[in-house]
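Student: Chains as they are written, first to last, in our numbering: chain L, -9 to 221; chain P, 3 to 327. Virtual Cβ for every residue (Gly too), placed ideally from N, Cα, C.
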Ligand SMILES: Nc1ncnc2c1ncn2[C@@H]1O[C@H](COP(=O)(O)OP(=O)(O)OP(=O)(O)O)[C@@H](O)[C@H]1O
Ligand SMILES: [Mg+2]
């Protein structure tokens, strides 16, 4: 009897907790909307920049194994720097300073590892006989790149893009410490005020955003990948 | 005409050259089969002709023009290439695979699609059913057919075919060979055909080039090679049944005796054979029906006769002193 009552009370407590979170979100919806939009726009900016930059780098290094090893070594090292110290480092650099530029640059560097590596791996994994038949039929190097290597690398490249999206959505929360008004702020403030509902609300919204972006990417991937590559 | 002269390829880090001072002429419209054991340099020779591999030394001329100073991509678009591993583009449909070179050459789309349709039919694939499929949905034999169709797409005067029927079982291979011979009869292309199957070489080649360790060991018609093998390597490659292979290449009409008196005597002979059949088939008739003389027919008319003695004499005559055949 006692334990059943305890269980009920416990369940009620949980219900209470989640209701609290919902109430919190509803009551602060304006602020949360602002944070969400900021967060989203930072992620999209970084995603666009890193696709343009790192996909190109990945393609370029696939032509030369020595450069490839050096570049991927660098990307690994960058990836291992704790995000908070990277953000902290950038705000001391004059042009970057507090705010979006530092945040975007740091996230761009984190995106390097998964993107460059997957583009490189994807291009390198293209069957050499498929390449040879393309060359043997008189395709130019550019035609081979755009009509064979990139389309065949797509699934691997896309896996990298999806990891990157989830990754930068998560790390972007830390940019709140350098002045970004995004969902990280909920977590940050929740921590300083010991407000667990606030922390959970922030974490929840960040995960939802990551899941949503990943889902959208999945749709794009399905649309772009040739049916010939889906067994 | 393709002329290879002193062609040599020394791959880096290998002791012996893969192709060693190789000289050969191929006439226009001729099928030349390169045959030899695995690793003897057949693929390397083909890849030098379309410049996927740069020769260490020597020259390649096509119709008198030096290949090594031609524009690579242009050269390759005018040379059909069937690679040993087939190498279809997995992300493209069969139709798009075959359309590849015509599109590279900038053909109008309508013309390209019509050509693709025609070619798929030619290599025995149903254009409607197969055209929209992706390579992974095809059987090995179908993939090889697509590979051949793709190489023929822009109607190149020269075809390089590296074991084009290698990846299929003997029955399908034999059918593909027959179909290809038929196609070749009506298109008259210059074909470099690589195989390590000596029977395929004899069947497909106007000329056969036998290669060992990168060197040309013998070059001639199948008949010449079979009747005068140049040394033990060729004899070994041809196998113990050289005589039977010879009879497979000789048509009954070329060996038969046109003797009216004999034909008169043979009236009602149950042993008959078509004039265009190989002599080997006549031998089979003799063995099966237990007779020494076969009447050769053209249509219903008896045009000649083949006797067991003649067949024996033919083999001995062609193979010279090599009595242990
Ligand atoms: N890219 C390469 N680099 C170094 N050596 C090579 C290369 N390609 C081929 N070789 C070597 O050159 C020799 C001839 O090879 P090639 O592929 O021309 O033989 P092949 O007659 O086509 O054999 P197979 O019947 O097995 O296809 C072999 O000893 C092979 O190991
Ligand atoms: Mg080979």
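#1: Would you mind telling me which residues of chain P sit closer than 9 Å to residue 211/L, beta carbon to beta carbon, in chain order?
#2: Taking the alpha-carbon of residue 234/P as reference, which of 219/P, 248/P, 225/P, 247/P has the nearest alpha-carbon?
#3: Just checking my contact of residue 104/P with residue 156/P at CB under 8 Å: how many whole Å lie between their CB atoms?
#4: So, for residue 125/L: in the same chain, excluding its five sequence neighbours on each side, which residues have a beta-carbon less than 8 Å away from its beta-carbon?
#5: Check residue 63/P in the structure and name its three-state DSSP category.
#6: Drop a sphere of 10 angstroms on the beta-carbon of residue 21/L, count the other beta-carbons inside from all chains shown, and report buried for 16 or more, exposed for fewer.
#7: State the start and end residues of the unbroken beta strand (DSSP E) segment that holds residue 221/P.
#8: In chain order, what residues of the same chain have a beta carbon less than 6 Å from the beta carbon of residue 325/P, not counting five sequence neighbours either side?
#9: Can you list, in chain order, the stretches of the alpha helix (DSSP H) that have 4 or more residues and sit fully within the stretch 187 to 220 of chain P?
#10: What does the alpha-carbon distance come out to for the pair residue 323/P and residue 41/P?
#11: So if I measure from each beta-carbon to every heavy atom of ligand 2 and keep distances below 7 Å, which residues remain?
#12: I'd like to know if residue 217/L contacts chain P, where contact means its C-beta is closer than 9 Å to some C-beta of that chain.
#13: Short check: CB of residue 66/P to CB of residue 9/P, under 9 Å?
#14: Ignore the nearest five residues each way along the sequence and tell me which others in residue 81/L's own chain have a CB closer than 7 Å to its CB.
#15: Taking the Cβ atom as the reference point for each residue, do residue 97/L and residue 40/L lie within a distance shorter than 9 Å?
#16: Quick check for students: name the residue ranges of the alpha helix (DSSP H) that lie wholly in the stretch 132 to 165 of chain P, counting only runs of 4 or more.
#17: Would residue 95/P pass as an interface residue toward chain L - the criterion being a Cβ-Cβ separation below 9 Å?
#18: Are the stretch 188 to 199 of chain L and the stretch 39 to 57 of chain L in contact at 8 Å, needing three or more beta carbon pairs?
#19: According to the neighbour-count rule (16 or more other Cβ atoms, all chains shown, within 10 Å of its Cβ), is residue 317/P buried or exposed?
#20: Starting from residue 120/P and walking both ways along the beta strand (DSSP E), at which residues does that stretch end?
#21: Quick one: does residue 325/P have its CB under 9 Å from some CB of chain L?
#22: Just grab the DSSP bridge partners of residue 83/P for me.
#23: Interface residues of chain P around residue 102/L at Cβ under 9 Å?
Tutor: Well, looking at it:
#1: The premise fails here: residue 211/L is roughly 14 Å from chain P at the closest Cβ pair, so nothing lies under 9 Å.
#2: 219/P
#3: 5 Å
#4: 134
#5: strand
#6: exposed
#7: 217 to 222
#8: Legend: pLDDT at residue 325/P = 46, less than 50; position of this residue unreliable, no value from coordinates given.
#9: 200 to 206
#10: Confidence in residue 323/P is poor, its pLDDT being 49 and thus under 50, which makes the residue's placement unreliable; the coordinate value appears in the next sentence. In a straight line, the C-alpha of residue 323/P is about 33 Å away from that of residue 41/P.
#11: 44/P, 45/P, 86/P, 164/P, 165/P, 196/P
#12: yes
#13: no
#14: 87, 88, 92, 168
#15: yes
#16: 142 to 154
#17: yes
#18: no
#19: buried
#20: Residue 120/P -> not in any beta strand (DSSP E); alpha helix (DSSP H) instead, spanning 111 to 124.
#21: Because residue 325/P sits at a pLDDT of 46, beneath the cut-off of 50, its placement in the model cannot be relied upon, and the following sentence gives the value as read from the coordinates. It does not: the Cβ of residue 325/P has no partner Cβ on chain L nearer than 9 Å.
#22: 162/P
#23: By Cβ distance, chain P contributes nothing, its closest Cβ being about 27 Å from residue 102/L, past 9 Å.
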